[in-house]
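Undergrad: This is the structure I want to talk about, given as structure tokens.
Protein chains: 4
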Amino acid sequence: MTSRENQEAIAGLTTSRIQALSDGVFAIVFTLMVFQIRLPDLSASRPPAELARHLRALWPEFLSYALSFIIAGVFWVGHHNIFHYVRRTDRLFLWLNLGFLMFIAFVPFSTALLGRYSQEQVAVVVYGVHLIIIGMLLYLVWSYATRRHRLVDPQIDPDFVHFVKGRILLSPAACVVAIGASFVNVRWSLLLYLLVLAFYIVPGRIDRLWSRR
Amino acid sequence: MTSRENQEAIAGLTTSRIQALSDGVFAIVFTLMVFQIRLPDLSASRPPAELARHLRALWPEFLSYALSFIIAGVFWVGHHNIFHYVRRTDRLFLWLNLGFLMFIAFVPFSTALLGRYSQEQVAVVVYGVHLIIIGMLLYLVWSYATRRHRLVDPQIDPDFVHFVKGRILLSPAACVVAIGASFVNVRWSLLLYLLVLAFYIVPGRIDRLWSRR
Amino acid sequence: MTSRENQEAIAGLTTSRIQALSDGVFAIVFTLMVFQIRLPDLSASRPPAELARHLRALWPEFLSYALSFIIAGVFWVGHHNIFHYVRRTDRLFLWLNLGFLMFIAFVPFSTALLGRYSQEQVAVVVYGVHLIIIGMLLYLVWSYATRRHRLVDPQIDPDFVHFVKGRILLSPAACVVAIGASFVNVRWSLLLYLLVLAFYIVPGRIDRLWSRR
Amino acid sequence: MTSRENQEAIAGLTTSRIQALSDGVFAIVFTLMVFQIRLPDLSASRPPAELARHLRALWPEFLSYALSFIIAGVFWVGHHNIFHYVRRTDRLFLWLNLGFLMFIAFVPFSTALLGRYSQEQVAVVVYGVHLIIIGMLLYLVWSYATRRHRLVDPQIDPDFVHFVKGRILLSPAACVVAIGASFVNVRWSLLLYLLVLAFYIVPGRIDRLWSRR
Chain A
1 MTSRENQEAI
11 AGLTTSRIQA
21 LSDGVFAIVF
31 TLMVFQIRLP
41 DLSASRPPAE
51 LARHLRALWP
61 EFLSYALSFI
71 IAGVFWVGHH
81 NIFHYVRRTD
91 RLFLWLNLGF
101 LMFIAFVPFS
111 TALLGRYSQE
121 QVAVVVYGVH
131 LIIIGMLLYL
141 VWSYATRRHR
151 LVDPQIDPDF
161 VHFVKGRILL
171 SPAACVVAIG
181 ASFVNVRWSL
191 LLYLLVLAFY
201 IVPGRIDRLW
211 SRR
Chain B
1001 MTSRENQEAI
1011 AGLTTSRIQA
1021 LSDGVFAIVF
1031 TLMVFQIRLP
1041 DLSASRPPAE
1051 LARHLRALWP
1061 EFLSYALSFI
1071 IAGVFWVGHH
1081 NIFHYVRRTD
1091 RLFLWLNLGF
1101 LMFIAFVPFS
1111 TALLGRYSQE
1121 QVAVVVYGVH
1131 LIIIGMLLYL
1141 VWSYATRRHR
1151 LVDPQIDPDF
1161 VHFVKGRILL
1171 SPAACVVAIG
1181 ASFVNVRWSL
1191 LLYLLVLAFY
1201 IVPGRIDRLW
1211 SRR
Chain C
2001 MTSRENQEAI
2011 AGLTTSRIQA
2021 LSDGVFAIVF
2031 TLMVFQIRLP
2041 DLSASRPPAE
2051 LARHLRALWP
2061 EFLSYALSFI
2071 IAGVFWVGHH
2081 NIFHYVRRTD
2091 RLFLWLNLGF
2101 LMFIAFVPFS
2111 TALLGRYSQE
2121 QVAVVVYGVH
2131 LIIIGMLLYL
2141 VWSYATRRHR
2151 LVDPQIDPDF
2161 VHFVKGRILL
2171 SPAACVVAIG
2181 ASFVNVRWSL
2191 LLYLLVLAFY
2201 IVPGRIDRLW
2211 SRR
Chain D
3001 MTSRENQEAI
3011 AGLTTSRIQA
3021 LSDGVFAIVF
3031 TLMVFQIRLP
3041 DLSASRPPAE
3051 LARHLRALWP
3061 EFLSYALSFI
3071 IAGVFWVGHH
3081 NIFHYVRRTD
3091 RLFLWLNLGF
3101 LMFIAFVPFS
3111 TALLGRYSQE
3121 QVAVVVYGVH
3131 LIIIGMLLYL
3141 VWSYATRRHR
3151 LVDPQIDPDF
3161 VHFVKGRILL
3171 SPAACVVAIG
3181 ASFVNVRWSL
3191 LLYLLVLAFY
3201 IVPGRIDRLW
3211 SRR
């Protein structure tokens, strides 16, 4: 095996498996919540309108599912974008990524908590701390990979590396503000959480950089 | 990295991950429903014929499973065919696909609803609306990718793009008719739903185009 | 894109997704059964020996899990071997494979049924019929793919195609005999099921053919 | 098909599917445990502090989840490293790997058992035996693949093969000691289990060998 082939084998095989594992974890997070929404179980002898009423009563669960889906989606897209630039891996990087996945698996839990107890500061704070942890782990994944081009292409643009860092850190920063706001009024915190989601979904400067490549 | 290699990296990595995520979601949808069918739990001191009777009583659950499987299968095959032509991706495309997956994850729910309450208009309408949403999202995925060859090969045949659009839209169109029919007689709606499934499974002109390539 | 590259793209992309979906379904079948084995929930004030006793009482569930795992494993290895030779795909082939996966997802159900009611003919027959269906679907997958080299390499050895067919059909044939035997004594049926498993696990002539390539 | 292409097809296809299956199993093990942590279900008319109290009461479940995650993570990283060198496969190798996965799927069970009954020798012994089985299966996977270069590159360094063997065997060896220690004091066993985890996570000589390649 030539040195070139060898390196390709290392780069290809290794990041492909982290990505496969990550996509598996995300796919389960995306799908499994639905299976916890129970079908209404009604007797045959009630008025037909009752079924419609029972389905409407499931509304908060549908909403909580949609929200979890979008939050997990934001991080899946972010993870996807980061791994687009990663060429190699090492033990610490595998573990940083596993830590990230460990907290991603908790997204349905803390989103459901927020959905069920949105008026209470405890739920708002738990949710914010959770998002801060996920954001910081994603930041660690990216900065560990890019530091002195450890696991990325040597030609990667340093400005781009910096720009992505700022973009990732925005979510934890907003969550710190939202946690602070929760001591005044939890509604302001909820509004901030929604703004963060919108920021990551709407295409921005990073996508123009992306499509220019 | 040459420009050619760069482009390959983008095309390869990126669509491979959307596909991996999608296949993961579909695999869970395909499999998890079975785990909700409970084994009959009978005491040792009853007549042997009772086990057979209990298994026969599970019949509606088996049927609902088979139906969900076929519906999810139709959309998996459709998704598969579409992604055969997609070469690149961007943020909006990732989100359109995530939206599609979000509603695919609900297929077992609304199919079970239809199986359990097939005589009631509410269930028939919910099921139809669900299929319309999935169909429209798949349509958006395809038309976003193909518009001005945004994410597909420039040499793709415009007639083929058009033909696939019509094929995708047939399901939502039939569901609109089925919802209308439900105001007269829900049996007509059910018949229409079955016809739509049959249409997508039986090989047609698209498969001849396919095998000619 | 040259014609050669184009064909590679079709072959690569397409069978890779069936395989990804199949591996996802198998992974869930392999793993999910464990989550249905409940941890014993004992109070702190009982004698320590009681925990050991409760764990021993879980023995039939562990055995049923191991059996399901091995049966699903046999079919995963078979599916793996078959897809090693498949180069292309078409709509009917996708559906044959989906049908196969649909019944694979039921392996934990009918194995648990057999484990729980191994003395009753109904369970023995249901299990046998289930294995016959899976075997016939795998046979259809292989014969559809190889007929006039439809989806396989033109250079494939016809003797090999034939040999694999016989190997696949052995399981359904043995199950027919086992179902017949159940009318006399269900123990003979159980013995036959175990022999079939052993036959597929022990390396045989096919593996010598395999390693010679 | 030239001989070179043929070999690539065998190497690529085959180990890619074992890896896909393994990653699927690991992804489910990593994620599914979270879904068993129930959200506290409290009435609206209780003091707000009660929610915080209920969340704190979930602490042992979070800890057990984190521990399962780390243990499964250690074996995923190990499996990942081993498969980096595997080029081919055969029937027995597939089954060794399936056996390994079968016991990986049990990690959440025996970790939860240890978390719930950490003061009792039965739980400590079951956990240790489980880790010994997993370690021995991983050892078999590696030594079967490397014996006379059966499934690996012929140029692989024999010292490296040996070194990895020792590294894998350390966990079962420590578990044997831990089981012995449990007859004196179960706390010593727990301490040993933690040391083993730390040993595998902290980068060591193997990672220097790795990065030198």
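Protein chains in written order, with this note's numbering: chain A, 1 to 213; chain B, 1001 to 1213; chain C, 2001 to 2213; chain D, 3001 to 3213. Backbone N, C-alpha and C fix where the C-beta goes; we use that ideal spot for every residue, glycine too. The structure displayed is predicted, hence computed values, not measured ones.
#1: Between the alpha carbons of Ala-2057 of chain C and Ile-3132 of chain D, how many angstroms are there, rounded?
#2: Quick check: is the beta carbon of Tyr-144 of chain A nearer than 8 Å to any beta carbon in chain E?
#3: Residues in the segment 1108-1130 of chain B with C-beta within 8 Å of chain A's C-beta atoms, listed in sequence order?
#4: Residues of chain C with a CB under 7 Å from the CB of Val-3025 of chain D: which are they?
#5: Taking a contact to mean a Cβ-Cβ separation below 8 Å, would you say Phe-3106 of chain D touches Leu-21 of chain A in this structure?
#6: Could you check what DSSP says for Val-86 of chain A in three-state terms: helix, strand or coil?
#7: For chain C, check one thing: does any of its Cβ atoms lie closer than 8 Å to the Cβ of Met-3102 of chain D?
#8: How would you list, in chain order, the residues of chain D whose beta-carbon sits under 9 Å from the beta-carbon of Gln-2019 of chain C?
#9: Is Leu-137 of chain A close to chain B, meaning its C-beta is less than 8 Å from at least one C-beta of that chain?
#10: Identify each residue in the segment 69-92 of chain A for which the Cβ-Cβ distance to at least one residue of chain D is less than 8 Å, and report them in chain order.
#11: Using DSSP bridges, identify the partner residues of Trp-202 of chain A.
#12: Quick check: the Cα distance between Val-3077 of chain D and Asn-185 of chain A, rounded to an integer number of angstroms?
#13: Around the C-beta of Asp-23 of chain A, are 16 or more other C-beta atoms found within 10 angstroms, so that it is buried, or is it exposed?
#14: I believe Val-1141 of chain B touches Ile-1082 of chain B by the beta-carbon criterion, under 8 Å. Please report the beta-carbon distance rounded to the nearest angstrom.
#15: Taking 8 Å as the threshold (C-beta atoms), are Phe-1075 of chain B and Ile-1028 of chain B in contact?
#16: Kindly indicate the opening and closing residues of the alpha helix (DSSP H) around Tyr-2127 of chain C.
#17: Assuming Tyr-2193 of chain C and Ala-2173 of chain C are in contact, meaning their beta carbons sit under 8 Å apart, how far apart are those beta carbons, in whole angstroms?
#18: Measuring only the C-alpha atoms, how far is Leu-63 of chain A from Leu-2067 of chain C?
#19: Starting from Asp-3159 of chain D, trace the alpha helix (DSSP H) in both directions and tell me its first and last residue.
#20: How would you label Val-3176 of chain D, buried or exposed, when you count the other beta carbons within 10 angstroms and need 16 or more for buried?
#21: Going by Cα to Cα distance, which pick from C:Leu-2114, C:His-2084, C:Leu-2138 and C:Arg-2148 is closest to Arg-1052 of chain B?
#22: Counting along the chain, where does the alpha helix (DSSP H) carrying Ser-1110 of chain B start and finish?
#23: Residues of the segment 2052-2063 of chain C in Cβ contact with chain D at a cutoff of 8 Å, in chain order, please.
#24: Using 10 angstroms around the beta-carbon of Asn-3006 of chain D, count the other beta-carbons present and answer buried if the total reaches 16, otherwise exposed.
#25: Let me make sure I understand the geometry here. Which of C:Val-2152, C:Leu-2169 and C:Arg-2147 has the alpha-carbon closest to that of Val-2196 of chain C?
#26: Using a C-beta cutoff of 8 Å, does Leu-98 of chain A count as contacting chain D?
#27: Under 8 Å by Cβ, that's how I've got Trp-95 of chain A and Gly-3180 of chain D pegged, so tell me the actual separation to the nearest angstrom.
#28: Identify whether Leu-3197 of chain D lies in helix, strand or coil by the three-state DSSP scheme.
#29: Assign Leu-2101 of chain C to buried or exposed, taking buried as 16 or more other Cβ atoms, counted over all protein chains shown, within 10 Å of its Cβ.
#30: Is the beta carbon of Leu-1138 of chain B closer than 8 Å to that of Gly-1099 of chain B?
#31: With 8 Å as the threshold, decide whether the Cβ of Val-3164 of chain D is near any Cβ in chain A.
#32: Using a Cβ-Cβ cut-off of 7 Å (strictly less than) and excluding sequence neighbours within five positions of Phe-2069 of chain C, which residues of its own chain qualify?
#33: Could you check the C-alpha separation between His-2080 of chain C and Arg-3017 of chain D for me, to the nearest Å?
#34: Consider the Cβ of Ala-2105 of chain C: report whether some Cβ of chain B lies at a distance smaller than 8 Å.
#35: Take Thr-1089 of chain B and list the residues in its own chain whose beta-carbon comes closer than 7 Å to its own, dropping the five residues that flank it on each side.
#36: Terminal residues of the continuous alpha helix (DSSP H) containing Arg-53 of chain A?
TA: On the basis of the data shown:
#1: Looking at the two C-alpha atoms, the distance is approximately 22 Å.
#2: No chain E appears in this structure, whose protein chains are A, B, C and D.
#3: Within the segment 1108-1130 of chain B, the residues whose Cβ lies closer than 8 Å to some Cβ of chain A are Pro-1108, Phe-1109, Ala-1112, Leu-1113, Arg-1116, Tyr-1117, Glu-1120, Gln-1121, Val-1122, Ala-1123 and Val-1126, listed in chain order.
#4: The contacting residues are Ala-2027, Phe-2030 and Thr-2031.
#5: Taking a C-beta distance under 8 Å as the contact criterion, Phe-3106 of chain D and Leu-21 of chain A do not qualify as a contact pair.
#6: Looking at Val-86 of chain A - three-state DSSP - the assignment turns out to be strand.
#7: Answer yes: the Cβ-Cβ gap between Met-3102 of chain D and chain C drops below 8 Å somewhere.
#8: By Cβ distance, chain D contributes Leu-3013, Ser-3016, Arg-3017 and Ala-3020.
#9: False, the Cβ-Cβ gap to chain B never drops below 8 Å.
#10: Those residues of the segment 69-92 of chain A that come within reach of chain D (Cβ to Cβ, closer than 8 Å) are Asp-90, Arg-91 and Leu-92.
#11: Trp is not the amino acid found at residue 202 of chain A; the sequence shown has Val there. DSSP, once it has assigned bridges, lists no residue as partnering Val-202 of chain A.
#12: Their Cα atoms are separated by approximately 45 Å.
#13: Here Asp-23 of chain A is buried, its C-beta having at least 16 other C-beta atoms within 10 Å.
#14: About 6 Å separates the two Cβ atoms, so the contact holds.
#15: No; because the gap between Cβ atoms is not below 8 Å, this pair is not in contact.
#16: Counting along the chain, the unbroken alpha helix (DSSP H) around Tyr-2127 of chain C starts and ends at 2121-2146.
#17: About 13 Å separates the two Cβ atoms, so there is no contact after all.
#18: Approximately 40 Å, taken between the alpha carbons.
#19: Secondary structure note for Asp-3159 of chain D: its alpha helix (DSSP H) is the uninterrupted segment 3158-3182.
#20: Exposed.
#21: It should be noted that the sequence gives Ala, not Arg, for residue 1052 of chain B. Ranked by how close their Cα comes to the Cα of Ala-1052 of chain B, the residues C:Leu-2114, C:His-2084, C:Leu-2138 and C:Arg-2148 have C:Leu-2114 in first place.
#22: First-last of the alpha helix (DSSP H) with Ser-1110 of chain B: 1107-1116.
#23: Contact annotation: in the segment 2052-2063 of chain C, residues whose CB is within less than 8 Å of a CB in chain D are Ala-2052 and Leu-2055.
#24: Note on Asn-3006 of chain D: pLDDT 40, under 50, position unreliable in the model; no value is reported.
#25: With distances taken between Cα atoms, Val-2196 of chain C lies closest to C:Leu-2169.
#26: Yes, Leu-98 of chain A counts as interfacial toward chain D.
#27: Wrong, their Cβ atoms sit about 30 Å apart, outside the cutoff.
#28: Taken through DSSP and simplified to helix, strand or coil, Leu-3197 of chain D comes out as helix.
#29: Leu-2101 of chain C sits buried, since 16 or more C-beta atoms from the chains shown fall within 10 Å of its C-beta.
#30: No, these two residues do not count as a Cβ contact at 8 Å.
#31: Chain A, which has no Cβ nearer than 8 Å to the Cβ of Val-3164 of chain D, makes this no.
#32: Closer than 7 Å at Cβ, skipping near neighbours: Phe-2030.
#33: Each residue's Cα considered, the two are about 8 Å apart.
#34: For Ala-2105 of chain C, the answer is yes, since a Cβ of chain B falls inside 8 Å of its Cβ.
#35: Cβ neighbours of Thr-1089 of chain B within its own chain (closer than 7 Å, five residues either side excluded): Thr-1014, Thr-1015, Ile-1018 and Leu-1151.
#36: Counting along the chain, Arg-53 of chain A sits inside the alpha helix (DSSP H) bounded by residues 49-57.
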